Structure formats: structure tokens, C-alpha cells
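Numbered according to the numbering used here, the sequence shown spans residues 63 to 499. For glycine and all other residues, C-beta sits at the position ideal for the given N, C-alpha and C. As the structure is a prediction and not an experimental result, all values here were calculated from the model. This report concerns only the one structure given below.
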Amino acid sequence: MRKFWLDCFAGSAFVFMVLGGLYGITQLRVFDAFDPLGQALGDMELTDIAFSQIREDPPMDTNIVIVNIGYLSRAEIGQQIINLSKHKPKVIGLDIIFSCDWLQDSTICPQAYDTMGNMYFAYAIQQAGNVVMAHKLQQTAKLVKKFGDIDVYDSIEHTYPTLMPGAYEGFVNLETEAAHQEDLKACRRFNPKMMVNGQRELAFSVRMAMIYDSVKTNRFLARDNELEVINYKGNIVDWHGASNYAGRYIVLDWDQALDTTQFVGEMIKDKIVIMGFLGGDLTDTSWDDKFFTPLNKKYAGKARPDMYGVVVHANIVSMILEEDYIEVLKTWQEIAIAIVVCFLNVALFVYIMDKNEKWFDAISVTVQLFQIVLFSFLMIEFLNWFNFKFNVTWTLAVVAVVGTSFELYNGVIKSLAEYLKNRFLLFKSRWFTKKGQ
């Protein structure tokens, strides 16, 4: 029995050594590759299937109105704000940053010298009185040199102060693995709040939700999660069929918001209005400020992004106000599950080797395939049933290599250990014999 337990512990340790070796040598991000089963499938996660295919159709969120600003000038955006604010929305969010004014350069930022347009925009912001402006958290070169490219920030890109009298602010940074704005971006998570130079900064969506309903928003912030998984509810009207659950938000194109005859006041009154870029018009296929999300119809091998950033922010607001959050496993829980599953697999393989070695290959492969299917099923259905992201990437990685790793341990490592042990005993015996003479 002692030998059995020794093999179980030693075999399990060897499995993790193999995983660590693969990760360290190849730098292929093995653990991410099994979230779930392959970066070959692009940015897919198995839970995307639950979001896009399995869940019941979410209802339309009539508390939020999304407005396209297209390529309008500041004065024209100001006119949109005036038209909308007449109908008393609870809050207006503007997902754009006018920061080039700081440069005082007519070539780089000619709009900074449009005095009348800027005054009209600032007047619209001030008159509305409940506007949330976007700002962006930044890293100085000194900080990057010190800590590397991590989520630590020491500066903020603001809209020029004279353009936003009396406005609130929130950061629009979204969690993606893209290195640059032009890269393909998959967005599944966001930071609700960040500390910048000792000051708490709220996300753009959280700030809007706070103005609309501070009680629910404070309950959300009390969760105190550094990252939250976005519980996507749907998209705006989609003329090109890129996204599931299209038409879940009321949307106005840029020209409709400029013409007060194109919408009725009841659409806007006491609502959350979020203004941002949705293309040149709603039929545009622009990729600017656009993300891949779990609602993408092509959840594996995606062809094009499906959701504009302003709609991502709308989904976050919906999640907060509906208090419909997604729970996740903590890192230590993921590792603990992987260790337990690894140990049980190794214990089973040791038992099979001891009782009937000729059946080992057939049984081990069957057991591994069964576990991969089971854990993949649970990852999908836990999100569908319980709003719980059962992330077992470490476990899937362990299951994928445990059979081969155990055979290496049993056939090579144990034999080598036995050989070294015998050589040591032989050396020890000869040494004592020689010493006795």
C-alpha cells in the first residue's frame, strides 16, 4: 500500500512537471490552449457556445438607448445632446475623447480651433447636466519600463477641460488580449474600477449605472472583483447577421438624433442614453472600436468582429442594473480541482498497471476522452444553468497529458530510479567490502 501511494504522489508530481516543462520550453501558453481545447480555434472559449447558442433569448432592454455619433463634428454632437436632453434622460454617456486640444496644433487638431463649435458642444454638456464623458487610463513609458505591460496605470487621457463643464468621467478601457487598437479584440471581461495614483476611477459603464441607480451599483462594486465577466444580453440591430440576439437595444442613427421628428420623447425620458461610434451609419461594416464577443455567430474561426464598444458598455450597464452577474472560480480553486483530478487519474492508472497492464492503453484513453467530454459539457452547462463560469483549463490540460505522462513515469522514470538505486546499493556494498578488508 505504501508503494501505491508513493506512485500516486510521484506520478502526479511528474504530470505537473511535464506541463511546466512544455510551458517553459515552448512558450505556447499550454494552459490557454486548453481553454478550451485549442487556440487553433482562434479566440474561442467553450462558454461562448452557451452565450450564443444555448441560453434562452434575452428580453429587450428598454432602459437603454444607444445613439450613433458617426463622423459628426463637435457642434453636431452637441446638437444631438441638446435634442436628447430636452426629454430628460437620467444620464447621457458619451463614448469619445476629445484630447488633441492639449497639443495646440492646428495641423494635428484643427477642431480645437473651431471656437464656435467647441463652445456649442460645451454648452450642450453643461445644459444637460448629467453627462458622463469617457477618459482612458494610460501608462507612462517610465511605468512600462518598471513593471512591464500590465494593468497598472499612472496617467489618464481626458477630454479637454473646457469642453466638459460639470461632466462626470469614467474610463473606457476594456479587457482584451490585443496589443494595439488596430488588432483583433475579443472582449469577455472588464475592470469595474482601477486605482490611479491612489485615486479610485470607475469604469464608464459603472459611472453611468451609478448615476441611474446607486444602490444596485454599490452592491455590484461591493463584490470587489478586480475583473468581472460580462453577461452579454444582446446587440443593436445587425444588418449583416454577425451577432446573435440582435435588436435587444433601442438605437438611433446619427441623423435621427439630429432630427427631433425622428424619435418620440418617451423613448428618452428617464432612460440611459449612450452615445458613441456605430460606423458611418448603422449599415456600415467598419471595424473601428469593434470587438469580438461571445455573441458572435461564428464563435470558432471568427471572420469579423460583431459588437461596437459603445454596445459593450451598454451590456455592462444592463448586467449591473439587472444584478445578473456571472460567477467564476478563483485561481486557487481551479488549481485545486486540477490537482485532485490528476491524483485520481494517476491512482486509477497505478491500479490498472498493477492488476492488468495489457488493458492500460484502452482504459486510459477511454477515461481521458470521457473526462474531456464531461468537463467540456460542464463548462457550457454551468454557465447556462447557474450563470457560473466553470473554468477548468488547468484540469483539461492535466487530463490531456496525464496518460502519456504516466506511461513516461512508469516506463522511464521508475526504471531509471530503480537502476540508480541498484547502482547505489552496489557501490555501497563494494565500498563497505573494501573498507572491511
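Cα-Cα separation, residue i to residue j
| i | j | result |
| --- | --- | --- |
| Gly191 | Lys278 | 22 angstroms |
| His197 | Phe209 | 23 angstroms |
| Ile382 | Ile111 | 23 angstroms |
| Val268 | Val379 | 7 angstroms |
| Ala72 | Val408 | 9 angstroms |
| Asn306 | Thr323 | 31 angstroms |
| Leu134 | Gln318 | 13 angstroms |
| Cys162 | Cys171 | 6 angstroms |
| Thr428 | Ala462 | 12 angstroms |
| Trp456 | His149 | 52 angstroms |
| Gln141 | Glu396 | 51 angstroms |
| Ile334 | Ile131 | 16 angstroms |
| Gln430 | Arg285 | 37 angstroms |
| Trp421 | Ile116 | 38 angstroms |
| Asp423 | Thr466 | 10 angstroms |
| Ile143 | Phe437 | 49 angstroms |
| Met337 | Leu470 | 59 angstroms |
| Gly179 | Val129 | 20 angstroms |
| Trp394 | Val412 | 27 angstroms |
| Trp349 | Phe325 | 27 angstroms |
| Ser74 | Asp123 | 49 angstroms |
Three-state secondary structure assigned by DSSP to residue i
| i | result |
| --- | --- |
| Gly338 | strand |
| Ser161 | coil |
| Thr124 | strand |
| Ala112 | helix |
| Ile330 | coil |
| Phe405 | helix |
| Ser305 | strand |
| Gly191 | coil |
| Val299 | coil |
| Glu239 | coil |
| Phe452 | coil |
| Arg64 | helix |
| Asn375 | First, the residue type needs correcting, since residue 375 is His and not Asn in the sequence shown. Helix at His375. |
| Gln200 | strand |
| Gly228 | coil |
| Arg310 | coil |
| Gly73 | helix |
| Asn280 | helix |
| Leu391 | coil |
| Ser267 | helix |
| Ile475 | helix |
| Asn293 | coil |
Close beta carbons around residue i, own chain, < 7 angstroms, minus the five adjacent residues each side
| i | result |
| --- | --- |
| Val435 | none |
| Met329 | Val127, Ile312 |
| Thr345 | Trp301 |
| Ile475 | Phe76 |
| Gln189 | Ile144, Ser147 |
| Ile399 | Val454, Thr457 |
| Arg251 | Glu237, Leu289, Glu290, Val291, Ile292 |
| Cys70 | Phe405, Val408, Ala409, Val412 |
Supposed contact pair residue j and residue i - C-beta distance, whole angstroms, cut 8 angstroms
| i | j | result |
| --- | --- | --- |
| Val372 | Val460 | Between Val460 and Val372 the Cβ distance is about 41 angstroms, and since that is not below 8 angstroms, they are no contact. |
| Tyr294 | Asn358 | Their Cβ separation, rounded to whole angstroms, is 10 angstroms, which puts Tyr294 and Asn358 out of contact at 8 angstroms. |
| Asp213 | Asn259 | Incorrect: roughly 15 angstroms between the Cβ atoms, too far for contact. |
| Ile388 | Asn472 | Rounded, the Cβ-Cβ distance is 41 angstroms, inconsistent with contact. |
Residue closest to residue i, alpha-carbon to alpha-carbon, out of the options
| i | options | result |
| --- | --- | --- |
| Phe266 | Gly341, Pro227, Ile158, Phe353 | Ile158 |
| Glu231 | Tyr175, Glu239, Leu156, Asp275 | Leu156 |
| Asn125 | Val153, Gln115, Tyr133, Ile143 | Val153 |
| Pro367 | Gly140, Thr238, Glu263 | Thr238 |
| His375 | Ile388, Asn358, Thr393, Asp351 | Asp351 |
| Asp119 | Thr347, Cys249, Asn446 | Asn446 |
| His220 | Arg262, Leu199, Met256, Glu396 | Leu199 |
| Ser114 | Thr466, Lys360, Leu458, Ala229 | Lys360 |
| Phe233 | Ser147, Leu264, Asp216 | Leu264 |
| Gly82 | Val129, Val464, Asn472, Gly473 | Val464 |
| Leu68 | Pro121, Phe437, Phe405, Asn253 | Phe405 |
| Thr347 | Arg251, Gly303, Met337, Asn287 | Gly303 |
| Tyr185 | Thr202, Phe432, Glu138, Val206 | Glu138 |
| Pro254 | Lys247, Met272, Ala248, Leu246 | Met272 |
| Gly341 | Phe354, Pro356, Tyr370 | Tyr370 |
Own chain, CB closer than 6 angstroms to residue i, minus 5 neighbours either side, in chain order
| i | result |
| --- | --- |
| Leu90 | Confidence in Leu90 is poor, its pLDDT being 48 and thus under 50, which makes the residue's placement unreliable; the coordinate value appears in the next sentence. Excluding positions up to five away in sequence, the list is empty. |
| Ile442 | Leu108, Ile111, Ala112 |
| Asp343 | Asp315 |
| Phe452 | Leu440, Met441, Phe444 |
| Met226 | Ile187, Met195 |
| Leu99 | Any reading at Leu99 must be qualified, since the residue scores a pLDDT of 45, below 50, and its modelled position is unreliable; the value itself is stated next. Cβ neighbours of Leu99 beyond the five flanking positions: none. |
Sequence-distant residues of its chain with Cβ nearer than 8 angstroms to residue i (five each side left out)
| i | result |
| --- | --- |
| Arg281 | Glu385 |
| Ala308 | Gly296, Asn297, Ile298, Val299, Asp300 |
| Met270 | Val153, Gly155, Val194, Gly232, Ile334, Ile336, His375, Val379 |
| Pro151 | Val127, Asn192, Ile330, Lys331, Asp332, Lys333, Ile334, Val335 |
| Tyr182 | Arg136, Ala137, Gly140, Gln141 |
| Ile218 | His197, Lys198, Leu199, Gln200, Phe233, Val258, Glu263 |
CB contact check: residue i to chain C, cutoff 8 angstroms
| i | result |
| --- | --- |
| Gly303 | In the structure shown, chain C does not exist; there is a single protein chain. |
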